[in-house]
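Inspection log for the structure reproduced underneath, given as structure tokens.
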Amino acid sequence: MNTPPGRNVIALEWLQFGLGRLVAAAAEQGLTVHLLTCDRSEYLHELSTVDSPHLVVHDVNTHDVAEVVGTIRRIGDVAGLVNTTDSWSLVALAVREQLGLAGQDPACVRLVRDKARLRRFLYEHGLSRVDGAPVTADDDATALAARVGLPLVVKDSAGTGSEHVWLARTLDELTAVLPESRRRNLRGQLTAEPYFLGPLYSIETLSWEGRTRVLGVSSRVLSPPPMFREEALGFPVALPPAMAKDAEQWIEQVLKAVGYTEGFAHTEFIMTDHGFEVVEINPRLGGALLGEEISQTLGINLYATFLDLVLRRRPALLDAPLTPAHGAAHARLYAPRSGVFLGCEGQETLTGHPGAPVLHPALPAGATVRSVAHQDGCVAVLFATGATSELALQNALSAAGEVHVRMEGDGRG
Ligand SMILES: Nc1ncnc2c1ncn2[C@@H]1O[C@H](COP(=O)(O)OP(=O)(O)O)[C@@H](O)[C@H]1O
Ligand SMILES: [Mg+2]
Numbered sequence: 010m011n012t013p014p015g016r017n018v019i020a021l022e023w024l025q026f027g028l029g030r031l032v033a034a035a036a037e038q039g040l041t042v043h044l045l046t047c048d049r050s051e052y053l054h055e056l057s058t059v060d061s062p063h064l065v066v067h068d069v070n071t072h073d074v075a076e077v078v079g080t081i082r083r084i085g086d087v088a089g090l091v092n093t094t095d096s097w098s099l100v101a102l103a104v105r106e107q108l109g110l111a112g113q114d115p116a117c118v119r120l121v122r123d124k125a126r127l128r129r130f131l132y133e134h135g136l137s138r139v140d141g142a143p144v145t146a147d148d149d150a151t152a153l154a155a156r157v158g159l160p161l162v163v164k165d166s167a168g169t170g171s172e173h174v175w176l177a178r179t180l181d182e183l184t185a186v187l188p189e190s191r192r193r194n195l196r197g198q199l200t201a202e203p204y205f206l207g208p209l210y211s212i213e214t215l216s217w218e219g220r221t222r223v224l225g226v227s228s229r230v231l232s233p234p235p236m237f238r239e240e241a242l243g244f245p246v247a248l249p250p251a252m253a254k255d256a257e258q259w260i261e262q263v264l265k266a267v268g269y270t271e272g273f274a275h276t277e278f279i280m281t282d283h284g285f286e287v288v289e290i291n292p293r294l295g296g297a298l299l300g301e302e303i304s305q306t307l308g309i310n311l312y313a314t315f316l317d318l319v320l321r322r323r324p325a326l327l328d329a330p331l332t333p334a335h336g337a338a339h340a341r342l343y344a345p346r347s348g349v350f351l352g353c354e355g356q357e358t359l360t361g362h363p364g365a366p367v368l369h370p371a372l373p374a375g376a377t378v379r380s381v382a383h384q385d386g387c388v389a390v391l392f393a394t395g396a397t398s399e400l401a402l403q404n405a406l407s408a409a410g411e412v413h414v415r416m417e418g419d420g421r422g
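44 is the number that my numbering gives to position 35 of the sequence shown; each next residue is one higher, with no gaps.
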């Protein structure tokens with residue numbers, strides 16, 4: 010007889026939002042979520058709204074595999090471990106291995122989290138039209154441009170949050186980008202790849218036993234290049250049926266090729282004039298409020314799927330009807346400059362705004378914003394709905410415009 014699964018679900022850190030929904034799903038099934046975190050303030054919004062005996066928070070150095078393993082052993086009666094972030098994806102693999110917990114295929118996670126290897130792999134498998142190349146220590150602009158072609162993107166092979174991505178359209182731009190990128194403290198290595206021209210989207214999928222189901226495509230509003238800061242997102246994009254079919258077949262082929270057998274995937278891609286090009290595959294659910302958007306539009310609690318995955322049973326979502334009742338979107342509010350963030354003003358004016366906008370804080374008042382060039386400078390995320398994702402996006406952007414971000418020294422504090 011099989012031993013019954015444990016009652017404790019380990020969350021090795023979490024995305025900024027969605028913990029509340031996970032705990033609600035766990036409570037329904039008599040499970041308890043144990044959040045292991047090295048910084049509770051990351052979950053400020055969620056922790057202030059969740060009050061449940063089905064959530065226990067443990068302050069742990071989550072970058073230390075031995076400490077994480079020790080904590081999980083002390084918790085005991087463990088069903089499994091969920092990882093939803095890029096930053097802890099490799100720690101999660103090591104911890105699972107030491108504790109003998111099932112989960113995503115380590116080789117696949119390592120491949121997709123190495124953007125340089127992934128680009129080459131896709132190229133070699135006929136799933137990308139172009140190859141990239143590592144940036145070597147003695148590369149100058151001319152040598153690198155000769156290998157990769159212009160325009161190109163230089164980026165951190167293990168980057169996240171749109172930090173450490175540089176666009177160079179000309180040799181002069183590349184000459185400036187190289188020393189700048191080499192000065193940075195990277196998670197991985199510098200790699201270069203051709204710049205794909207066109208709008209960015211992402212496709213959200215769930216895989217189980219090698220089969221992949223598409224949950225929907227989300228649109229992106231980005232700040233103008235050379236910055237690639239995410240400003241807003243809408244879900245689900247209404248693709249014409251033939252295009253939706255193409256996207257579905259394409260992502261199934263891509264995920265199959267990289268050996269993606271289970272779990273959510275959040276694949277960013279560019280719709281170029283020559284077809285879809287993968288920008289990156291995140292072996293997790295999409296960030297910000299995407300999980301909330303999928304849940305609300307499809308009328309489900311998406312986070313219950315994590316429990317199916319942890320308990321090693323076929324996720325119910327694979328067979329559930331996926332008919333969006335409406336669209337949803339979010340717009341990010343950024344600090345206007347680096348400095349001390351004091352709070353958001355004007356939320357009261359949102360009452361009566363179409364799309365029932367809700368402001369979700371991302372940083373506490375008093376936090377220091379170090380950079381506004383990437384997602385770390387985001388102070389709040391504004392959620393709104395609409396009859397379609399396009400209308401929801403308009404509602405979110407309009408409502409975000411009504412909110413003012415206050416900073417120390419801006420003469421109003
Ligand atoms: N080869 C590329 N062509 C066009 N845009 C790119 C390319 N690589 C990255 N970008 C842009 O930069 C953003 C961040 O790059 P990405 O690889 O997704 O890093 P991160 O893991 O930080 O999100 C992408 O969302 C996309 O807008
Ligand atoms: Mg990205």
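Positions of the beta carbon are idealized from the N, C-alpha and C atoms, including for glycine. These numbers come from a predicted model, not from an experiment.
Every beta strand (DSSP E) stretch that sits fully inside the stretch 297 to 371 and reaches 3 residues is listed by chain position as 336 to 343, 348 to 354, 367 to 370.
In this structure Leu206 is exposed. Its beta-carbon is surrounded by fewer than 16 other beta-carbon atoms within 10 angstroms. With a cutoff of 7 Å, Val144 does not count as near ligand 2, since its C-beta is closer than that to no heavy atom of the ligand. Remark: the C-beta of Tyr204 is in contact range of ligand 1, defined as less than 7 Å to any heavy atom. Ala337 sits away from Ile309, with the two beta carbons spaced by 8 Å or more. For His67, the secondary structure class from DSSP, reduced to helix, strand or coil, is strand.
Three or more Cβ pairs drawn from the stretch 374 to 386 and the stretch 168 to 175 lie within less than 8 Å of each other, which places the two stretches in contact. Distances from the CB of Glu277 to the heavy atoms of ligand 2 include at least one below 7 Å. At least one heavy atom of ligand 2 falls within 7 Å of the beta-carbon of Glu289. Judged by beta-carbon spacing, Val91 lies beyond the 8 Å limit of Val74, meaning their Cβ atoms are not closer than that value. Here the alpha carbon of Pro366 sits roughly 38 Å from the alpha carbon of Gly219. Only residues of its own chain outside the window of five on either side were considered, and among them Phe26, His339, Val390, Phe392 have a CB closer than 6 Å to the CB of Leu298, listed in chain order. Following the DSSP letters along the chain, one finds Val18 inside the beta strand (DSSP E) bounded by residues 17 to 21.
Per DSSP, Thr397 lies in no beta strand (DSSP E) segment and is marked neither H nor E. Separation of Thr358 and Leu53 (C-alpha to C-alpha, rounded to the nearest whole angstrom) is 24 Å.
For Val121, same chain residues with a beta-carbon under 7 Å away, outside a window of 5 residues either side, are Leu127, Val267, Ile290, Pro292 in chain order. Annotation: Gly300 to Leu294 spans about 7 Å, alpha carbon to alpha carbon. Judged by DSSP secondary structure, Phe130 falls within the alpha helix (DSSP H) whose first and last residues are 124 to 133. If you ignore the 5 residues before and after Pro203, its C-beta comes within less than 8 Å of the C-beta of Val139, Gly141, Val157, Gly158, Pro160, Leu161, Val162, all in its own chain and listed in chain order.
Annotation for Phe237 indicates a beta carbon within 7 Å of some heavy atom of ligand 1.
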